[in-house]
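Novice: According to full-length UniProt numbering, the sequence shown is numbered sequentially starting from 1. There's a structure below that I have some questions on.
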Amino acid sequence: MSAKVIAIAQAKGGVGKSTLCANLASTFADVAKTLVVDCDPPQHSMSAWHDVRFEIYEETGMDLQLATKPSELLNILEKEQNNYDVILLDGPPHINAMTRTMVAIGSMVLVPLAPSPVEIWSFQEMDKLVSEAQKLNPDCQSRICWTRVRTRVKSAEDLISEVKSASHIKPFNCQLTQRVAYVDSFAEGLSVYEWPDPVARAEVWSLHSAIQRLIKKCGTPKFTKRTKILEFSRQ
Numbered sequence: 001m002s003a004k005v006i007a008i009a010q011a012k013g014g015v016g017k018s019t020l021c022a023n024l025a026s027t028f029a030d031v032a033k034t035l036v037v038d039c040d041p042p043q044h045s046m047s048a049w050h051d052v053r054f055e056i057y058e059e060t061g062m063d064l065q066l067a068t069k070p071s072e073l074l075n076i077l078e079k080e081q082n083n084y085d086v087i088l089l090d091g092p093p094h095i096n097a098m099t100r101t102m103v104a105i106g107s108m109v110l111v112p113l114a115p116s117p118v119e120i121w122s123f124q125e126m127d128k129l130v131s132e133a134q135k136l137n138p139d140c141q142s143r144i145c146w147t148r149v150r151t152r153v154k155s156a157e158d159l160i161s162e163v164k165s166a167s168h169i170k171p172f173n174c175q176l177t178q179r180v181a182y183v184d185s186f187a188e189g190l191s192v193y194e195w196p197d198p199v200a201r202a203e204v205w206s207l208h209s210a211i212q213r214l215i216k217k218c219g220t221p222k223f224t225k226r227t228k229i230l231e232f233s234r235q
């Protein structure tokens, strides 16, 4: 067993990063041994979600650890890579040393993005970072995950088309739409799989299936590059 590491990263907050991580953790936990690493101090949204979940279920179906700096993250991954099938990293709401480490070590980088002008502008910085990290981590697969998409809104459709043609990062064809189920289920320590919204469940299942197909092409973390990764994180 050698875990595939899925980094969920963005250059700004409020894009549904932790919500995406929680829903993917729940779906992966049904089929694979799953670890979540909360890399977002001091907010630690995933830890809060996991704590609420533990109060409900006692057995959450996944493990969670905290990383407050790049060296801690690398230590966790090196120690646990043979103990799990999938390791999900929930990153901070900005680009810092932790974000840079995540994209340099991940088997896959998922960038949650809502089709709004403000988020598209901030995404350009993330697009550039992923491109830079590709030199150090060439086997990594990166994808945009569309979140909070308003259906049948032309401005959103135009922005999605614009990003698709201009970004280095390919988007998944599936989308997570603007639905209260994502917010409400997260607040209760649940995923949309455990929430009465069949449309939201179908959206997450579609995304999970796309990730499962892509993950077969991904490599696993190379800790022989630890020094270079830490150097990259400080740039």
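Every residue, glycine too, gets a C-beta built ideally from N, C-alpha and C.
For V86, which option in D184, V37, T147 has the closest C-alpha, if you only look at C-alpha atoms?
Specialist: Per the Cα distances, V37.
Novice: Can you tell me the Cβ-Cβ gap for I215 and L110, rounded? I've got them flagged as a contact below 8 Å.
Specialist: Going by Cβ atoms, the distance from I215 to L110 rounds to 11 Å, so no, they are not a contact pair.
Novice: Does the Cβ-Cβ distance between V163 and I120 come in under 9 Å?
Specialist: Yes, Cβ-Cβ distance for V163 and I120 is below 9 Å.
Novice: Quick one: measure Cβ to Cβ for Q141 and M108, integer angstroms, because I've assumed they're closer than 8 Å.
Specialist: 5 Å between Cβ atoms; contact.
Novice: Look at the alpha carbon of V204 and the alpha carbon of K222, and state the distance between them as a whole number of angstroms.
Specialist: Each residue's Cα considered, the two are about 29 Å apart.
Novice: So the candidates are S131, W146, C145; which of them puts its Cα closest to the Cα of D139?
Specialist: Of the listed residues, the one whose Cα sits closest to D139 is S131.
Novice: Could you compute how far the alpha carbon of W49 sits from the alpha carbon of D184?
Specialist: About 12 Å.
Novice: Along the beta strand (DSSP E) that carries C145, what are the first and last residues, could you check?
Specialist: Here the beta strand (DSSP E) through C145 covers 141 to 149.
Novice: May I ask you to verify whether the segment 186 to 200 touches the segment 68 to 76, counting CB pairs closer than 8 Å and requiring at least 3?
Specialist: They do not touch, by the three-pair rule.
Novice: Looking at the structure shown, is V5 part of a helix, part of a strand, or coil, going by DSSP?
Specialist: Note: V5 maps to strand in three-state DSSP.
Novice: Grab the span of the alpha helix (DSSP H) containing N23 for me, first residue to last.
Specialist: Segment 17 to 29, the alpha helix (DSSP H) holding N23.
Novice: Tell me the start and end of each unbroken beta strand (DSSP E) in the segment 151 to 215 that is at least 3 residues and wholly inside, in chain order.
Specialist: Correct list: 170 to 177.
Novice: Rounded to the nearest angstrom, how far is the Cβ of I6 from that of L88, given a contact under 8 Å?
Specialist: Between L88 and I6 the Cβ distance is about 5 Å, and since that is below 8 Å, they are a contact.
Novice: Determine which residues share a DSSP beta bridge with I229 and list them.
Specialist: Answer is none; I229 lacks a bridge partner.
Novice: May I ask you to report which of helix, strand or coil DSSP gives D127?
Specialist: Three-state DSSP puts D127 in a helix.
Novice: Going straight from the alpha carbon of residue 249 to that of A97, what length do you get?
Specialist: This structure cannot speak to residue 249, because the chain is shown only from 1 to 235.
Novice: Please report the distance separating the alpha-carbon of D63 from that of R201.
Specialist: Computed Cα separation, rounded: 22 Å.
Novice: Please classify G106: is it buried, with 16 or more other beta-carbons within 10 angstroms of its beta-carbon, or exposed?
Specialist: Label assigned to G106: buried.
Novice: Measuring straight from C-alpha to C-alpha, what distance separates K79 and E157?
Specialist: If you take the alpha carbons of K79 and E157, they lie about 43 Å apart.
Novice: Q65 bridges to which residues according to DSSP?
Specialist: Paired residue(s): V37.
Novice: To the nearest angstrom, how far is it from the Cα of I160 to the Cα of Q134?
Specialist: Their backbone Cα atoms lie some 23 Å apart in a straight line.
Novice: Assuming contact is defined by CB atoms lying nearer than 9 Å, are A25 and Y84 in contact in what I supplied?
Specialist: Result no, Cβ atoms of A25 and Y84 do not sit closer than 9 Å.
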